[in-house]
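Only one structure is covered here, and it is reproduced in the block below.
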Amino acid sequence: MTTHNVQVAIVGAGFSGLGAAIKMSQNSFTDYVILDRGADFGGTWRDNTYPGAACDVASNLYSYSFAPNPEWSRSYSHQPEIHRYINDVADRYGVRDKARFGVEVIRAAWSESEQHWLIDTVPAGTDPATAAMTTYRAQHLIGAVGPLCEPNLPDIDGIESFGGTVMHSARWDDDVELSGKRVAVIGTGASAIQIVPEVAKRVAHLDVYQRTAPWIVPRTERPYTPVEHWLFKNAPIVQSAGRAGVYAFNEFIAFGLTHSRTALKPVELVARANIARGIRDRKLRDKVTPRFQVGCKRILRSNAWYPALDRPNVDLVTDPIARVTPSGIVTADGTEREIDVLIVATGFHVTDSPVFDCIVGAEGRSLAQTWETNGMQGYKGSFVHGFPNMMLMVGPATGLGHTSMVYMIESQLNYLVDYLKTVRTQGITRVDVDEESQRGYNTGIQHALRNSVWVNGGCASWYADDNGNITTLWPGFTFNFRKQTRRFDVAAYSVARDSSAADINTPPVLTSTRA
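Each residue of the sequence shown is one higher than the last, beginning at 719 in my numbering.
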């Protein structure tokens, strides 16, 4: 077994992991490593390669503020372009040599005796029982895997018996031939509404299985003109102004989601008009009209979804799935529809990610065990009591239903850098958020959610955990989160200091337990 000593280990190489690396380098924290099981930077934008994969946030806002991209081809970017942007930024800021790709973290455990994290890794795709293990010994752990990394496969009776091909949208296989085939898609969420219009053009027949109809508004996507590209390059303030405008509009939506559901009425009218424009058949219109308030589940964007469902080779099935057979899918009414390929677009493990089982804190309990009773809880979406020197990117109560997660990530990057600066200047060796601080923070989150559409909108969504608690979403304006994370508030934490205060990698001498 090989062991490497580093000051900081970053797990994940998507927007948050890359951003952490860049900001650390810019602030003279250069002793770090990035660990990722994939082949390059990109995270979810590397892994999700299904047909039609694209972002539903405007391009100018779905990018780092410190690394604008004047080359965006369209107002809403597609997966290949976002993936390319992330890798271009990694090269521009010179952090690629810090990354170790093709590496899977199988366990990250805090050692109280060493006051460090011990991170066990194996080559991705190998058997941990027999593979050569490499351990990284790090004083600080940055968990940057994000919530959309572990596909959620549906628990459907008989699915393992299906004789054709089964693939999850997040593990798309381009070698599977769809042309002329009978295909089924389970799910009508963000991935499905992008997959179905593309697949419907190629297959002989497509069955789309819907449990709950989503609210979908038009996607105002268009190519940028040569004049706009010239302005973006030569007058960057134009692109910055566009970014600010999109941000401001999205924050108005946040007001409706969290404070005044009446403010969402215009959005519902636009969504209903989108249905009427895209579907001719009145019975089908009724099937795709949601029975919950707009915003309760994520508001989706598409111009192609409803016309795709209206195609003669597409059937929308709303009867519950009873079981899967070797040749097809049987619904509750007893009807069996034969298929050749089954596409599962059922999202991700967000509140119950297998990643949580791999991270073990100071008391020997995993994140999964810690969150088992009361759900995901943390402090400012970043620190969790009992897990010293570990910061989560896009942690509990940081998710959004209306705007760019990159904005939230950059807010956390401010907090991360100030955290590391505080540790360095004060000679701190161990940082653990106080249980009272965390409890009070989460009480405030739940109080802020009480009037939100997510609580009162009449839907069930992945925003809530198995106990019905909404622990994923930020309950307000994103600029308030940025204000909260502008500085590291060390008073909310229990800390220990090294008496020498010379090198934060020096084994600690505990001199205090409070800041």
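Where a beta carbon is used, it is the ideal one built from N, C-alpha and C, also for glycine.
- Task: Kindly list the residues whose CB is nearer than 7 Å to the CB of Leu866, restricted to its own chain and excluding five residues on each side of it in sequence; keep chain order.
- Result: Thr762 and Phe1066
- So Ala738 and Ala918 are in contact, right, with Cβ under 8 Å, and what is the actual spacing, rounded? Rounded, the Cβ-Cβ distance is 40 Å, inconsistent with contact.
- Message: Just to confirm the assignment: which complete beta strand (DSSP E) runs, minimum length 3, are found wholly within the region 971-999?
- Response: none
- Message: Taking only three categories from DSSP, how would you classify Trp1180?
- Response: coil
- Quick one, which of Leu1027, Phe880 and Leu949 has its alpha-carbon nearest Val926's? Leu1027
- Message: Could you compute how far the alpha carbon of Glu1154 sits from the alpha carbon of Ile1077?
- Response: 22 Å
- Task: Answer yes if the region 1046-1061 comes into contact with the region 935-947, meaning at least three C-beta pairs across the two stretches below 8 Å, and no otherwise.
- Result: no
- Message: By alpha-carbon positions, which one of Tyr1159, Asp1152, Gly1194 and Thr1053 ends up nearest to Val1171?
- Response: Gly1194
- Item | Coil, strand or helix - Glu789 by DSSP | coil
- Message: What residue range does the beta strand (DSSP E) around Val903 cover?
- Response: Arg900 to Ile904
- Query: When you compare each of Tyr1211, Gln1156 and Ile1127 to Met1094 by their alpha carbons, which one comes out closest?
  - Reply: Gln1156
- Task: Note the first and the last residue of the continuous beta strand (DSSP E) segment covering Trp1023.
- Result: First-last for Trp1023: Trp1023 to Leu1027, but that is the alpha helix (DSSP H), not the beta strand (DSSP E).
- With C-beta atoms as the reference, is Arg1016 less than 9 Å away from Ser795? no
- Looking at the structure shown, is Ile800 part of a helix, part of a strand, or coil, going by DSSP? helix
- Could you name the residues that DSSP lists as bridge partners for Pro869? Phe1066
- Can you give, in chain order, each stretch of the beta strand (DSSP E) that sits fully within the region 725-783 and has at least 3 residues? 750-754
- Do the CB positions of Asp754 and Val729 come within less than 9 Å of each other? yes
- Spatial neighbours of Leu1131 in its chain, beta-carbon cut-off 6 Å, leaving aside the 5 residues before and after: Gly737 and Lys741
- At least 3 beta-carbon pairs within less than 8 Å: the region 842-854 vs the region 1019-1033: no
- Task: Classify Ile967 as buried or exposed, calling it buried when 16 or more other Cβ atoms lie within 10 Å of its own Cβ.
- Result: The sequence as given places Phe at residue 967; Ile does not occur at that position. That one is exposed.
- Message: On the DSSP letters alone, give me the boundaries of the alpha helix (DSSP H) that Gln857 sits inside.
- Response: Run containing Gln857: none in the alpha helix (DSSP H); it sits in the beta strand (DSSP E), Thr852 to Gly861.
- Task: Give the DSSP bridge partners of Thr721, in chain order.
- Result: Thr853
- Buried or exposed for Gln725, please, with buried defined as at least 16 other CB atoms from any protein chain shown within 10 angstroms of its CB. buried
- Which residues in the same chain as Phe759 place their Cβ atom closer than 6 Å to its Cβ, once the five residues preceding and following it in sequence are excluded? Ala731, Leu736, Ile804, Asn805 and Ala808
- Message: Quick check: the Cα distance between Ala1182 and Thr906, rounded to an integer number of angstroms?
- Response: 18 Å
- Message: With three or more beta-carbon pairs closer than 8 Å as the criterion, would you say the region 1117-1129 touches the region 971-980?
- Response: yes
- Below 7 Å CB to CB, which residues in the same chain sit around Leu1167 once its five sequence neighbours on both sides are set aside? Val1173, Ile1188 and Pro1193
- Task: Grab me the residues of Asn870's own chain with a C-beta within less than 7 Å of its C-beta, minus the 5 sequence neighbours each way, in chain order.
- Result: Thr1064, Gly1065, Phe1066 and His1067
- Query: Helix or strand or just coil, what does DSSP make of Pro841?
  - Reply: strand
- Item | Nearest candidate by alpha-carbon position, reference Leu859, set Asn745, Val945 and Leu1138 | Leu1138
- If we call anything under 9 Å between Cβ atoms a contact, is Val1149 one with Pro1106? yes
- Item | Paired residues, beta bridge with Trp828 - DSSP | Trp835
- Any idea which residues DSSP pairs Phe950 with across the strands? Phe950 is not bridged to any residue.
- Helix, strand or coil: which one does DSSP assign to Ala911? In the sequence as displayed, the identity of residue 911 is Ile instead of Ala. Reduced to three states, the DSSP call for Ile911 is helix.
- Query: DSSP on Asp1136, reduced to helix/strand/coil?
  - Reply: helix
- In chain order, what residues of the same chain lie with their CB nearer than 7 Å to the CB of Leu1228, ignoring the 5 residues before and after it? The predicted model places Leu1228 with a pLDDT of 32, which falls under 50 and marks its position as unreliable, so this point remains unresolved.
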